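J.: Top line first, the protein sequences correspond to chains B and A.
Going by this note's numbering, the first residue of the first sequence is number 5, and it counts up by one from there.
Going by this note's numbering, the first residue of the second sequence is number 286, and it counts up by one from there.
By construction, the Cβ of each residue, glycine as well, lies at the ideal position given by its N, Cα and C atoms.
Fair warning: this is a prediction, and the values are worked out from it, not measured in the lab.
Here it is, the structure in full.
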Amino acid sequence: MLHIVNKSPSDRNSVDTCLGHVKPGSAVLFIEDAVYAATKGTVAEAKVKAVMPGVAVYVLEPDLNARGMQGRVLDGVKLVDYGGFVDLVTEHSTCQSWL
Amino acid sequence: MTDEMDMEEGGVVKKFMFVNRKAPYGTIYALESLEVVLISAAFEQDVSLAFVDDGVYQLMKNVNTDGIEMKSFSKTYRALEGYDIEKLYVEKESMEARGLTEDDLIVDVQVISQSEMGDLMNEQDVVLSF
């Protein structure tokens, strides 16, 4: 399953709840204000790192750049563009959006 | 100049604070706040801007919005000085909770503690929240 989150981890609990439900073999994609969850030094850092051994974590690069957060991404998080976003959706049988 | 505008010239100056608590681009709050701040400049009031919680993300350097096809308003924060809006306060605790330092911000600000921010809010005549 592909989990998609678009809310800031320091504004809503969407990232937190998503990471609590995600199972090994699944993927998480942070878009829009959720890109902050993929950066260093936030409240979400420890929780993102905790799921990473079994879960592929992606962040949408255009949204990251728009927020000036490029170069602050956690090690192991992969950057994708809009084409990569579409690929992720097609590669997974189901998607869940955490709004 | 109309009579009404003449009256404004000698009007009362109030302390206005704009409290910004939302990240930019994901929602419209940051841009709307900035618009109202610029309008307020025309009325020659004592304006302060507070950046608290995710609001500190509004001041990030190196913003590049080409990929999301939205206009960047980062540079507008730099232009505020030209409108005599020079009181920009960033809450220290909010910055630290996001792994940010003053060097990451696009404008010169005063970094103050949550307690000091509370004092500042307390002494305002009008507080507008975004």
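1. Determine whether the Cβ of A/R383 lies closer than 9 Å to any Cβ atom of chain B.
2. Determine which residues of the stretch 324-351 of chain A have a Cβ less than 8 Å from any Cβ of chain B, and write them out in chain order.
3. Please work out which residues of its chain come closer than 6 Å, Cβ to Cβ, to A/S329, disregarding the five sequence neighbours upstream and downstream, and give them in chain order.
4. Report yes if the CB atom of B/V84 is closer than 9 Å to the CB atom of B/L33, and no otherwise.
5. Below 7 Å on C-beta distance, what does B/N69 contact in chain A?
6. Taking Cβ positions only, does A/S414 come closer than 9 Å to chain B?
7. When you compare each of B/T46, B/H7, B/M56 and B/E65 to A/E381 by their alpha carbons, which one comes out closest?
8. Quick one: which unbroken beta strand (DSSP E) runs of 3-plus residues sit fully inside the stretch 35-91 of chain B? Chain order, please.
9. Can you give the Cα-Cα distance for B/H7 and A/K300, rounded to whole angstroms?
10. Identify, in the order they occur along the chain, each residue of the same chain with its Cβ nearer than 7 Å to the Cβ of A/K412, setting aside the five sequence neighbours on each side.
11. When you compare the CB of B/G45 with every CB in chain A, is at least one pair closer than 9 Å?
12. Going by the beta-carbon positions, is the gap between B/R71 and A/M355 smaller than 9 Å?
13. Is there contact between the stretch 72-80 of chain B and the stretch 12-20 of chain B, where contact requires at least three CB pairs shorter than 8 Å?
14. In chain A, which residues lie less than 9 Å from B/M5 when you measure between Cβ atoms?
15. Out of curiosity, what's the CA-to-CA distance linking B/Q100 and B/P66?
T.: So, from the data block:
1. yes
2. D338, D339, Y342, M345, K346, N347, V348, N349, T350 and D351
3. Sequence check: residue 329 of chain A is Glu here, not Ser. There are no such residues.
4. Cβ distance < 9 Å, so B/V84 and B/L33 count as in contact.
5. N349 and G352
6. Not one chain B Cβ lies under 9 Å of A/S414.
7. Ranking B/T46, B/H7, B/M56 and B/E65 by Cα distance to A/E381 puts B/T46 first.
8. 60-64 and 82-84
9. 45 Å
10. Here residue 412 of chain A is Val; the residue named in the question, Lys, does not match the sequence. So the qualifying residues of the chain are M302, V304 and M406.
11. yes
12. Cβ distance not < 9 Å, so B/R71 and A/M355 don't count as in contact.
13. no
14. Within chain A, no residue comes near B/M5; the closest Cβ sits about 23 Å away, beyond 9 Å.
15. 21 Å
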